[in-house]
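Visitor:
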Amino acid sequence: MDLLYFARIRETIGCSSEKYNLPASVTTVGELMECLREKGTNYAAAFGDESLIRVAVNQTYVNFDHAISDGDEVAFFPPMTGG
Amino acid sequence: MKISVQAQDFNIGEEINALTRGRTDMGAVASFTGFVRDFHNGKSIHKMTLEHFPGMAEKQLGEIAKVAQGHWPLQGICIIHRFGPLLPGDQIVLVLTASAHRGAAFEAAQFIMDWLKTDAPFWKKEETSEGESWVAARSEDTHQKERWKKS
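Just so you know, the sequences run in chain order G and B. When we follow the numbering used here, the leftmost residue of the first sequence carries the number 1, and every step to the right adds one. When we follow the numbering used here, the leftmost residue of the second sequence carries the number 1, and every step to the right adds one.
Next up, the structure:
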């Protein structure tokens, strides 16, 4: 799957996008975040405070319990501050 | 309906002309323009950079416009949002709403701005005398959006 990171999350992780092989046991956004936290201290920091994380799957906002599959594009970013 | 996410500046007069050209049924056009301020929380801002989610930003602005069209009898909508580096005084966002009467135009423009603040994927980073920092989302903005659900 394609992972995208924006704003503070992009900076904390140190990249804006990456390919990720979704383990078969991982079925939701929340479980994916658990896996990503284990990739390193930068990921653990980026995904530390869940109240400051928003998610879009295939460009649609979803909750952490949303189901995902390997062909999805999952974007993580902080609460929006446009306008 | 015009939706544009762009780096370049916009001209409000030209956009209003484009929206109303050839139309004789539009009784009202409401216009909102957001600018970069040079202060925030007591700090002075030298520069602001707007990051966005390409593709999804346009999609969300289009959806916000469609929701507004469902609530008010609008004859035209224009939403322009800029990204990239901006300086104090620069224009950030333009919302135009056209309707037969002013009430719908005013309300729809405010509705679009309130939704855009919390639902369009843009993020502001400020450069101040104390360094760079991401702007935190304001709970007040969420409240501004929520109030539309009550009516």
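Ideal Cβ positions, reconstructed from N, Cα and C, are used throughout, including at glycine. Keep in mind that this is a model prediction, so the values were computed, not measured.
1. If we cut at 7 Å on Cβ distances, does T12 of chain G have a partner in chain B?
2. Quick check on the DSSP output: the alpha helix (DSSP H) that includes F111 of chain B runs from which residue to which?
3. With a threshold of 16 other CB atoms inside 10 Å of the CB of R21 of chain B, please say whether the residue is buried or exposed.
4. Does the beta carbon of M80 of chain G sit closer than 7 Å to a beta carbon anywhere in chain B?
5. For W123 of chain B and F39 of chain B, I'd like the C-alpha separation in whole angstroms.
6. Rank B:M113, B:S129 and B:A120 by C-alpha distance to the C-alpha of F32 of chain B and give the top, closest one.
7. Three or more C-beta pairs closer than 8 Å, one from the region 28-45 of chain G and one from the region 61-79 of chain G: is that the case here?
8. Can the beta-carbon of S16 of chain G be found closer than 7 Å to that of R10 of chain G?
9. Taking the continuous alpha helix (DSSP H) assigned at T12 of chain G, which residues delimit it?
10. Quick test of the definition: if touching needs 3 or more C-beta pairs under 8 Å, does the region 67-85 of chain B touch the region 2-14 of chain B?
11. Tell me whether D141 of chain B is buried or exposed, calling it buried when 16 or more other Cβ atoms sit within 10 Å of its Cβ.
12. Determine the burial state of F35 of chain B: buried for a count of at least 16 other Cβ atoms within 10 Å of its Cβ, exposed for fewer.
13. Run down chain G in chain order and give the residues with a C-beta less than 8 Å from the C-beta of W148 of chain B.
Guide: Straight from the coordinates:
1. Your numbering for residue 12 of chain G matches position 12 in the first sequence. Residue contact with chain B for T12 of chain G: absent (no Cβ-Cβ distance below 7 Å to any residue of chain B).
2. Sequence index remark: in the second sequence, residue 111 of chain B carries index 111 (1-based). Judged by DSSP secondary structure, F111 of chain B falls within the alpha helix (DSSP H) whose first and last residues are R102 to D119.
3. Indexing the second sequence from 1 puts residue 21 of chain B at position 21. With fewer than 16 neighbouring CB atoms inside 10 Å of its own CB, R21 of chain B falls in the exposed class.
4. Position 80 of the first sequence, counting from 1, holds the residue named residue 80 of chain G. At least one chain B Cβ lies under 7 Å of M80 of chain G.
5. Taking the first residue of the second sequence as position 1, residue 123 of chain B is located at position 123. Taking the first residue of the second sequence as position 1, residue 39 of chain B is located at position 39. In this structure, the CA atom of W123 of chain B is about 17 Å from the CA atom of F39 of chain B.
6. Mapped onto the second sequence, residue 32 of chain B falls at position 32. Closest option to F32 of chain B, Cα to Cα, is B:M113.
7. The region 28-45 of chain G vs the region 61-79 of chain G: in contact.
8. The sequence position of residue 16 of chain G within the first sequence is 16, counting from 1. The sequence position of residue 10 of chain G within the first sequence is 10, counting from 1. The Cβ-Cβ distance between S16 of chain G and R10 of chain G falls below 7 Å.
9. The residue labelled residue 12 of chain G in the question sits at position 12 within the first sequence. A7 to I13 is the span of the alpha helix (DSSP H), which, as asked, contains T12 of chain G.
10. Touching, yes, given that three or more Cβ pairs across the two stretches are closer than 8 Å.
11. By 1-based counting over the second sequence, the position of residue 141 of chain B is 141. With 16 or more other Cβ atoms within 10 Å, it is buried.
12. Looking up residue 35 of chain B in the second sequence gives position 35. In summary, F35 of chain B is exposed, with fewer than 16 beta-carbon neighbours lying within 10 Å of its beta-carbon over all protein chains present.
13. Along the second sequence, one-based indexing puts residue 148 of chain B at 148. The premise fails here: W148 of chain B is roughly 15 Å from chain G at the closest Cβ pair, so nothing lies under 8 Å.
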